[in-house]
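Okay, so the sequence shown: first residue is 926 according to the numbering used here, each after it adds one.
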Amino acid sequence: MKIRTMARLTIALSLISWNSSVLASYPEYFGTGSNTSSIGNQSNLNTDDPSNAYYLLALSAWSQKLTLSASISTTSHSFEPITNIVTENSTNGQSGSDVVYGDADTDYENSNNAVVAIILPLREKEYGAASLLFTAPIGGLAETNSGHPTLPEYSMYRSRYRRTQMYFNYALPLGDHWAVSLGAHMGFQASARVNTQVSLGDDYGSSGNAKTKIDPSFGAIASVIYKTEDSQIGFTFQQEMKSNLEAVATGEISDPPLTLINIGLENMIYYDPHILRASFAKSWDEWELFTSLEYQMWENYKAPLIQIDNLGGSVRASDDYERLQLKNIWIPKVGVKWKATESLSLMTGMIYRQSPLDSDFSQSGNTIDTDSFILTSGLTYDFKLFNKDIQLGVSAQYHHLFEEEVQKTSGQENGQAGLKIGAPGYKIGGHVIMAMGGLKVSF
């Protein structure tokens, strides 16, 4: 008997796992340059700073200089080890044992990212300026990892910020004090259909064909600002963005005719929530104060797990026992800048970030996260070279994840007697450290 297997499943899974570590926007977590990262990931008072293009886009409306900024950063993760927990039970086990104990992977890879931003003032002052901000992992366009389907995963840190992001913006001044902006941020929707015919006989070899499609998707960004000589107040709205990957997998035996596999695979690779941001900044003498408050709406978030749906074959669909409990969150930020000399400025800031996961994680599933307190600091040095204004900057951030003890309830995920995956429990917590360096040039 000759068996022809259209092995879309294997190839679709390889497409989903491009490389690895899913979920946070890089500017949201770490800033867009030394000037914003060091004051708590928020906008400053400089109309000619391209790194403001993510936080308060209307600020560039009064820019009079073509300005380019670029930075590179590295991020390391250190989470509490999760050891000696249930990794298999009769609900999901493949080993044949009722219970298997083991460890979860909390040793996440370092992330290296680059950010490039530019402000392009239009010819006439009253026409405002356009800006572009681009961020990507160094050496690639995106790295995704759905993580283990049942073991504990810090989904906000696994690979959410390891992706290319682009922000386009046009800012228009409405006189000397008011300005507005309208722009977009870009994501993608990907689909794959792969056909392979695998021959187990000796009469002919295997063959295959593949088809993929990647479409861009856009979310709106709008902002308004009121600015005086020494202060500013602004409001920004950023629309939700989902980046999904879908694939189809089928497999059949030709003699006798029998469809074994006919499934769909779905995965929300990245998710950015609706964001409402209010900010205020003021300068006096050699000091500058920055504050902002963000409201993020996470109702539509899904864990980056692969969902398998049965489309008519013999394969059982994903059990999907996990039910995420989500909440919208407030994120307050504060930062200070001290102009120590004509060239040297020192900055520091603080952020309190709530987790959008509103759960004690005692039930089925192990998508985990916790609140974090973030300390930021940095410095910049300004000078002239060939009559060009140049600024060098460095910044660092320390993200402290609050500890939380997880105690799993009794009973397996399917309701039978036994232990859940992750039992008896484990500790959540750890820290993330980011270091950044960059420069800004005004022409």
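Glycine included, each C-beta is placed from N, C-alpha and C at the ideal position.
Just so it is clear, the structure is predicted and the values come from calculations on it, not from any experiment.
Excluding five sequence neighbours on each side, which residues of the same chain lie with their C-beta closer than 7 Å to the C-beta of His1324?
Ser1297, Ile1299, His1356 and Val1357
Considering only the alpha carbon of each residue, which of Pro1198, Asn1235, Met1361 and Lys1262 lies closest to Ala1206?
Lys1262
For Val947, does the count of other Cβ atoms within 10 angstroms reach 16, so buried, or fall short, so exposed?
In this prediction, Val947 has a pLDDT of 39, which is less than 50 and means its spatial position is unreliable; what the coordinates show is noted afterwards. Per the 10 Å Cβ criterion, buried.
One question on the structure: do Glu1219 and Pro1257 come within less than 9 Å of each other, judged by their Cβ atoms?
yes
Ala1016 and Gln1337 look like a contact to me (Cβ under 8 Å); what is the Cβ gap, rounded to whole Å?
With the sequence shown as reference, residue 1016 is identified as Thr, and Ala is not the correct amino acid for it. Confirmed, about 5 Å.
Give me the Cα-Cα distance between Asp1028 and Ile1194, rounded to the nearest whole angstrom.
25 Å
Determine, using beta-carbon pairs with one atom in the stretch 1001-1013 and one in the stretch 980-989, whether at least three such pairs fall under 8 Å.
No, the stretch 1001-1013 does not touch the stretch 980-989.
Go ahead and label Ile1150 buried or exposed: buried means 16 or more other beta carbons lie within 10 angstroms of its beta carbon, across all protein chains shown.
buried
Reducing DSSP to helix, strand and coil, say where Phe1162 ends up.
Phe1162: strand per DSSP, three-state reduction.
Using DSSP with H/G/I as helix, E/B as strand and the rest coil, what is Lys1050?
helix
Using 9 Å as the threshold, is the C-beta distance between Ala1115 and Ser1168 below it?
yes
Rounding to the nearest angstrom, what Cα-Cα distance links Met1275 and Ile964 in this structure?
So the alpha carbons of these two residues sit roughly 7 Å apart.
Starting from the Cα of Gly1363, find the closest Cα among Pro975, Asp1234, Leu1097 and Ser968 and give me that residue.
Pro975
Nearest CA to the CA of Leu1047: which residue from Lys990, Ser1003, Ile997 and Thr1000?
Lys990
Give the secondary structure of Phe1368 by DSSP, where H, G and I count as helix, E and B as strand, and everything else as coil.
coil
So the alpha helix (DSSP H) Asn1080 belongs to, where does it begin and stop?
Residue identity differs from the one stated: residue 1080 is Ser in this sequence, not Asn. Segment Ser1080 to Arg1083, the alpha helix (DSSP H) holding Ser1080.
Compute the Euclidean distance between the alpha carbons of Arg1118 and Gln967, then round it to the nearest angstrom.
42 Å
Span of the alpha helix (DSSP H) around Asn1009:
Not the alpha helix (DSSP H): Asn1009 falls in the beta strand (DSSP E), residues Ile1007 to Glu1013.
Going straight from the alpha carbon of Lys1365 to that of Leu1058, what length do you get?
13 Å
Closer than 8 Å to a non-hydrogen atom of the ligand SAM - does that hold for the CB of Met1111?
What this structure holds is no ligand at all, so the ligand SAM is not there to describe.
Boundaries (first-last residue) of the beta strand (DSSP E) holding Phe955:
Not the beta strand (DSSP E): Phe955 falls in the alpha helix (DSSP H), residues Tyr951 to Phe955.
Using DSSP with H/G/I as helix, E/B as strand and the rest coil, what is Leu982?
helix
Spatial neighbours of Ser1284 within its chain, please: CB distance less than 7 Å, with the 5 preceding and 5 following residues excluded, ordered by chain position.
Gln1250
For a test of the three-state rule: what should DSSP assign to Ser959, helix, strand or coil?
helix
Using C-beta distances below 7 Å, list every residue in its chain close to Ile1063, excluding the 5 sequence neighbours before and after it, in chain order.
Ile997, Asn1037, Asn1038 and Ala1039
State the Cα-Cα distance for the pair Asp1255 and Asp1294, rounded to the nearest angstrom.
Asp is not the amino acid found at residue 1255; the sequence shown has Trp there. Their Cα atoms are separated by approximately 16 Å.
As a quick exercise: from Phe1215, Ala1265 and Leu1190, pick the residue whose alpha carbon is nearest that of Leu1230.
Leu1190
C-alpha gap between Asp1307 and Thr972, whole angstroms
16 Å
For Phe1286 and Asp1155, the rounded distance between their alpha carbons
47 Å
Where Gly1065 falls, given that 16 or more other Cβ within 10 Å makes a residue buried:
exposed
How about Pro1006 and Lys1050: are their beta carbons less than 9 Å apart?
Not a contact, by the Cβ cut-off of 9 Å.
Evaluate Ala1242 with the Cβ neighbour count: other Cβ atoms within 10 Å of its Cβ, from every protein chain shown; 16 or more gives buried, anything less gives exposed.
exposed
On the DSSP letters alone, give me the boundaries of the beta strand (DSSP E) that Gln1316 sits inside.
Lys1313 to Gln1332
In whole angstroms, what separates the C-alpha of Ser1217 from that of Asp1030?
Cα to Cα, the separation comes out at about 35 Å.
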